[in-house]
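Below is one structure, written out as structure tokens; comments come after it.
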Amino acid sequence: MSSKGGTALSRRNYRLASDTDKPKVTGIVNEKLLSDYLHHVFPASIKQGPASAAYRKILTFQDLGAHLEKLLAEDNVAEDGKDQIEGCLGPSTVVLDHSSGFEGLLFVDDDLLGVIGHSNFSSIRATTCVYKGKWVYEVLISSQGLMQIGWCTLNCRFNQEEGVGDTPDSYAYDGNRVRKWNVTTTNYGKSWAAGDIVSCLIDLDEGTITFCLNGQSLGIAFSNIKTGPGVAYFPAISLSFKESVAFNFGSRPLRYPVEGYLPLQSPPTTDLIKATRLLGYLKTVLSTSIDIQEEKLVERDGGSWQIQGDPTILVTLAHIFNHFAPLMCKVYLVEDVLMNFLLSILEGGGSVDEHPLIQQLLDLFWLLMEDYEVNECLKQLMMSLLRAYRFSPIIPDLGFQIHYLRLTTAILRHEKSRKYLLSNVLFDVLRSVVFFYIKTPLRVKEAGLEELIPTTWWPTRFDKEGKDERDTREETAEERLRRRAYERGCHRLKKRIEVVEELQVQILRLMLNNKDKGTGEASRYIFLNKFRKFLQENASNRGNPTVLCPPEYMVCFLHRLITAIRSYWDEGKRKGPGSINSEDAYVPPQLFYNGKVDYFDLQRLGGLLSHLKKTLKDDLAAKANIIIDPAEIQATSMDDLDEDEETGATQRPSGAVAMGGALARPSWLSSPTLGRANRFLSTAAVSLMTPRRPLAPPEKVKVRTLAVEQRTEEDIEGSHGNDGLLLGRPLEEPDQPITEKSLLEILDGVVMMYNLSVHQQLGKMVVVSDDVHEYAVALKDTEEKIARCPSRRPDILEELQKSQKVFAEKLNHLSRRLAWINATIYSKDKMLDVYWLLRVCIRTIEHADSTGSLFAFMPEFYLNVAMNSYSALKNYFSPSNCMEELPGYEDTLAQLAAILAKHFADPRIVGTDIKDSLMQALASYVCYPQSLRAVERIPEEQRMAMMRNLLAPYEQRPWAQTNWILVRLWRGCGFGYRYTRLPHLLKTKPEDANLPSLQKPCPSLLLQRHMAELLSQDKDMAASFLNSVLNQLNWAFSEFIGMIQEIQQAAERPERNFVDTRQLKVCATCFDLSVSLLRVLEMTITLVPEIFLDWTRPSAELLLRRLAQLLNQVLNRVTAERNLFDRVVSLRLPGLESVDHYPILVAVTGILVRILVDSNKQGHTNEFGNGSLEE
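With positions in the sequence shown counted from 1, the corresponding number in the working numbering is that position plus 590.
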């Protein structure tokens, strides 16, 4: 074809040329049989007559080109240019107007169809308008936040507060607030969710605007809209910060076409007819074989067709592809023709392996199409598949999702196609992680969950803390039947979701294949480098909406990746018995310091990597035989300086120019498939970018031992005399194979993924379970009120019954949604994945810890994931799954306890944030009986070391958490210290009796005994510890008194004043600190009374005097009649509920009682002691 260009033409002509000196090109098929075959494949059209002599003459390959051209020429319909279509004005290709038709800050994708809001309320319109007729366009909702979508005229002026629908000649639908907008607003439509498609219809003949959601009409939204001369409407949208959508004006087939309405961009009708006709020819070739012996054509099943080198068939196919190949570079034709054809091949069901035709067709594509054509075709095909997968509605059997994933799997089974897509498309252009996501339906009725789970159930019995008691023995027969029916429905749902998850794992297993080395680098190593870059983008761009992968995608990706890794890991174990099981997986410490894996400046336990390389270079040489090149240390240092300068530069107000570095990265929130947002639009003149502005230069590569892009399979897996990723094995590390080294790096990436956003998302999704609980409590309360309602008040009864109905409907909806979330996020399998990750982190930390000083090289996120994954298992997965049932749970608890006990005061860890996290995790650990017993099970030497660190002086360190840990070890043993609710609240505010209580006391007598031993044996430590406690008590109580004075003064002013809630919070915190410090003093004097009462100790007299003075100060302030403390307590200010006489007075009383009791026991109180106490 003339449009192919010189090189392509000569190459294809060489492929198709027929030697005129040899009429029978094939040399196999006789002339008549060949003619019959070609007439069968390329039949004359009906227009030329079925038996036209001109077309029934002998047809050979010499004539085939002209014959095919003539057939295709019949399809050339006169396509009117877009500007000639009546009722529409503007360019033939409709896109978003990025040059002048926008307001605010926006990111716009490369294709000018996807957009992300980057300011308070940004607006943008299309380049084309309509003034007559019926028109439609579609919007693919990528995030479900605040957006107004619809139509506007050229006269509409928008700003950061007013957008589409807020001006007289603009009309919008808002599925976030479920309203329609045209200056005023009223309820309309349904709520939308990410993954929905909104169709916007305008009928300018009738003057109406209608919206559809996933093909279902929401009814006429506006009628009698302004029409007539000079009035034309543009598609337009206003969206808030980080919200994102993608438009389809007709560049792709509409997902939900509406009869009588035209897309704004005309479909390529001629090309569509040609492509359909050529596909028909291709199907005929696939279903026809030539029987040379019998000299006849034989019909056969096209599904079993294979390339067998038959020159007749190959030359015929080459003629077809000469015309078909260029058409397959166009997105509309790929989606409408090719994708539907490939999907139809798989419609018969069965496994993907049972449909080899797709593999044969892809072989044909690579054989008969130019490389750039195959590349573009595969890219558009994957984009169409991903878009179709993401924006397909949820139906009970998940049929749409399964259908698209099966085709994706079939394409990725083709080795050459898979490697091309991995290298150039799946992470660079597409957001392929979407393939591993299963969206949660917002509207359960449309998703068919009512049919799948016909009976709903929720807990109806609650303990005093409002928690589900889960005691099935007290269930009524009816409740038991409902619960079991609900569980059966949940099981059916889980089985259907597992089909999708299995396909997603298959896709990942194909990407992780490391045996396909026939055509270059194995797929796994391509995936590994792309995966590392993906992690880098998400780790280095926290807060940049165009780069970050949404956490809901990350959760699903993490679980599928864990399943795929473990399957390959265990396969390797079966083949190489010397390696370890995936159950015992860990990441060896060499990865953290040998430079083979890039952690892109993530914080290490010992500080910056450049600093560690300088300070620990001798340790690296001695323990790991790694010598750091001095030039590399110098280069790294200079690089850090340059990075600081760049960071400072980007903080200057340079508008879009400062954003340039991020613009070339994948845009995760905008287009459903396209991965680039290279236009940053701003209405501020200083930062307005021209439409074709070149991108900022790429960031320079930092000096590393080995850059990710430069690594080969040998660098990762190693070879003879080369340990690959495991270079530099320390002596403490066992010399045995673990698994394939590439899997270790992927496992390291999985741990990082959990830290980046998975844990945050697991906590976020618990809200649905909390909502079920709240509504269930409200429904039970309403039913009790109905039972108590007097018959003489039918009005109250009616209102209560209305409330009961609303609560029951909401619970029916939420319980079905919860079933979906439990199946996709909180199932037992997902819990086991998180538990496995916890154990991986624990083993990795233990191995790294054994290397001594090299432990400082470990990235902080390993400790974070160990703490957070335990927290998730404990708080997020229950009560649907019980943590105690996990295999090896008790041992894991003890291992984690040992890590927390050892490392919360580890001098090798320098980061204040990670130190605080460790301290908080230990404080939480000692709160609960089961985890506290785990702390008690760690070796005695470690327990003593932990207590010694807890008893270090409080100065110059975060002492409040340490003090709180000691208090929790004591709570339940002190004077009046066994309550689970503050007793004064039960007396003064009985309505608070139903609020959740404090954690039940669980003191540790063993750790108390260790504390007593340490304080009695080490007199200097005891004196410094108690002096620091008394100092902090003096400070905390003085601060508290100063604050309540300010609060009292503010309350007494005649004008109306509001006390700052932050001030109230700080005040309550100081009071709680004072009480907890008093409790630690009570604990000390109970366990080791000789510190204060044994006068042979040089510090005893001073400590007792200081204690007496502080107790006097507290009693004077708290117990004096009508004093400041009394007045503030009587105000009952919100936020100061914990401030009362009881907590502080019982703590002081406990101290005084112990001093008096122990003084009498010892029988040697002196005058000073008596005098101090009498004060």
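Backbone N, C-alpha and C fix where the C-beta goes; we use that ideal spot for every residue, glycine too.
Per DSSP, cross-strand counterpart(s) of V726
Here residue 726 corresponds to residue number 136 of the sequence shown, with the count starting at 1. For V726, which the question treats as bridged, DSSP gives the partners L791 and P853.
For P1449, does the three-state DSSP call read helix, strand or coil?
Counting from 1 along the sequence shown, the entry for residue 1449 is found at position 859. Of the three classes helix, strand and coil, the one that applies to P1449 here is strand, per DSSP.
Taking DSSP as the reference, what is the three-state secondary structure of V1348?
Taking the sequence shown and counting its residues from 1, one reaches residue 1348 at position 758. Of the three classes helix, strand and coil, the one that applies to V1348 here is helix, per DSSP.
If I follow the unbroken alpha helix (DSSP H) through V1619, where does it start and stop?
Your numbering for residue 1619 matches position 1029 in the sequence shown. It spans K1609 to E1642 - the alpha helix (DSSP H) in which V1619 sits, taken as one unbroken run.
Can you tell me whether R1712 is buried or exposed? The criterion is at least 16 other CB atoms within 10 Å of its CB, across all chains shown.
Taking the sequence shown and counting its residues from 1, one reaches residue 1712 at position 1122. Flag for R1712 reads exposed.
I'd like the list of long-range same chain contacts for S1130, defined as Cβ closer than 7 Å, with 5 residues on each side in sequence excluded.
Here residue 1130 is taken as the residue at index 540 of the sequence shown, counted from 1. Answer for S1130: F1190, listed in chain order.
According to DSSP, is D881 part of a helix, a strand, or is it coil?
Within the sequence shown, numbered from 1, the residue matching residue 881 stands at position 291. DSSP, read as helix, strand or coil, puts D881 in strand.
By Cβ distance, which residues of its chain are closer than 6 Å to I1170, with the 5 residues on each side in sequence left out?
Translated into the one-based positions of the sequence shown, residue 1170 becomes position 580. So the qualifying residues of the chain are I1328.
Can you tell me whether R1652 is buried or exposed, with buried defined as 16 or more other CB within 10 angstroms of its CB?
Stepping through the sequence shown from its first residue, residue 1652 is reached at position 1062. Taking all protein chains shown into account, R1652 has fewer than 16 neighbouring C-beta atoms within 10 Å of its C-beta and is therefore exposed.
Start and end of the alpha helix (DSSP H) containing E1068?
On the sequence shown, position 478 is the one that residue 1068 refers to. Element bounds for E1068: A1067 to M1101.
Other residues of its chain near V1557: CB distance less than 7 Å, five sequence neighbours each side excluded:
Locating residue 1557 in the sequence shown gives position 967, counting from the first residue. Around V1557: S1666, R1669 and V1670.
From P853, S834 and Y922, residue whose alpha carbon lies closest to that of K864
In the sequence shown, residue 864 corresponds to position 274, counting from 1. That would be Y922, whose Cα lies nearest to the Cα of K864.
Run of the beta strand (DSSP E) containing N772, from where it starts to where it stops
In the sequence shown, counting from the first residue as 1, residue 772 sits at position 182. Here the beta strand (DSSP E) through N772 covers R769 to N772.
Express the C-alpha separation of E664 and L844 in angstroms, rounding to a whole number.
By one-based count along the sequence shown, residue 844 stands at place 254. By one-based count along the sequence shown, residue 664 stands at place 74. Between L844 and E664, the C-alpha separation is close to 26 Å.
Does the distance from the C-beta atom of R1072 to that of T1045 stay below 8 Å?
Numbered from 1 along the sequence shown, position 482 holds the residue referred to as residue 1072. Numbered from 1 along the sequence shown, position 455 holds the residue referred to as residue 1045. Cβ distance < 8 Å, so R1072 and T1045 count as in contact.
Mind the definition here: the stretch 949-963 touches the stretch 989-999 only if three or more C-beta pairs lie below 8 Å; say whether that holds.
no
Using CA atoms only, rank isn't needed, just tell me which of H1081, S830, A784 and W956 is closest to A1409.
By 1-based counting over the sequence shown, the position of residue 1409 is 819. Measuring from the Cα of A1409, the nearest candidate turns out to be H1081.
L1083: which of L1125, P1031 and A1067 sits nearest, CA to CA?
Numbered from its first residue, the sequence shown carries residue 1083 at position 493. Comparing Cα positions, the closest option is P1031.
Is the Cβ-Cβ distance between E944 and D1106 less than 8 Å?
Walking along the sequence shown from the start, residue 944 turns up at place 354. Walking along the sequence shown from the start, residue 1106 turns up at place 516. Contact flag unset, no.
H1437 beta carbon less than 8 Å from that of P1178
Translated into the one-based positions of the sequence shown, residue 1178 becomes position 588. Translated into the one-based positions of the sequence shown, residue 1437 becomes position 847. Going by C-beta atoms, P1178 is nearer than 8 Å to H1437.
I want to know whether the stretch 1480-1487 touches the stretch 1515-1529 - three or more CB-CB distances under 8 Å.
yes
Taking only runs of the alpha helix (DSSP H) that begin and end inside the stretch 913-960, which ones reach a length of at least 4 residues, in chain order?
929-935 and 947-958
By the DSSP assignment, the alpha helix (DSSP H) with M1673 in it spans what residues?
Working through the sequence shown from its first residue, we reach residue 1673 at position 1083. First-last of the alpha helix (DSSP H) with M1673: T1651 to L1677.
For S1749, which of helix, strand or coil comes out of DSSP?
For the purposes of this step, residue 1749 is identified with residue 1159 of the sequence shown, where counting begins at 1. Helix, per DSSP.
Nearest residue (CA-CA) to S733, options Y1183, S830, E1603 and I1415:
The residue you call residue 733 lines up with position 143 of the sequence shown. Out of Y1183, S830, E1603 and I1415, S830 has the C-alpha closest to the C-alpha of S733.
When the Cα atoms are used, what is the spatial distance from R1541 to R1547?
Here residue 1541 refers to the residue found at position 951 of the sequence shown. Here residue 1547 refers to the residue found at position 957 of the sequence shown. Reading off the sequence, residue 1541 comes out as Leu, not Arg. Roughly 12 Å between the two C-alpha positions.
May I ask which residues mark the beginning and end of the alpha helix (DSSP H) holding C1146?
Taking the first residue of the sequence shown as 1, we reach residue 1146 at position 556. P1141 to K1165 is the span of the alpha helix (DSSP H), which, as asked, contains C1146.
Which listed residue (F1467, V1678, I1028 and K722) has its alpha carbon closest to that of S1749
Residue 1749 sits at position 1159 when you count from the first residue of the sequence shown. Taking only the C-alpha atoms, the option nearest S1749 is V1678.
Strictly by DSSP, which residues pair up with V1367?
Within the sequence shown, numbered from 1, the residue matching residue 1367 stands at position 777. V1367 pairs with nothing; no bridge assigned.
So, at 7 Å on beta carbons, what are the nonlocal neighbours of C1146 in its own chain, with the 5 sequence-adjacent residues on each side left out?
Working through the sequence shown from its first residue, we reach residue 1146 at position 556. Taken in chain order, the residues that qualify are F1026, Y1027 and I1028.
In terms of residue numbering, what span does the alpha helix (DSSP H) encompassing C1431 cover?
Position 841 of the sequence shown, counted from the start, is the residue given in the question as residue 1431. Segment K1418 to D1439, the alpha helix (DSSP H) holding C1431.
Please classify Q991: is it buried, with 16 or more other beta-carbons within 10 angstroms of its beta-carbon, or exposed?
Translated into positions along the sequence shown, residue 991 becomes position 401. By the 10 Å Cβ count, Q991 comes out buried.
Put A716 into one of helix, strand or coil per three-state DSSP.
In the sequence shown, counting from the first residue as 1, residue 716 sits at position 126. Residue state, collapsed to three classes: strand.
Beta-carbon separation of I827 and A811 under 8 Å?
The count along the sequence shown starts at 1 and reaches residue 827 at position 237. The count along the sequence shown starts at 1 and reaches residue 811 at position 221. No, the pair does not count as a contact, with Cβ atoms beyond the cut-off.
Could you tell me whether the stretch 1531-1541 touches the stretch 1598-1605, using the rule of 3 or more Cβ pairs below 8 Å?
These segments touch.
How do the stretch 930-949 and the stretch 673-689 stand: do at least 3 beta-carbon pairs fall below 8 Å, yes or no?
no
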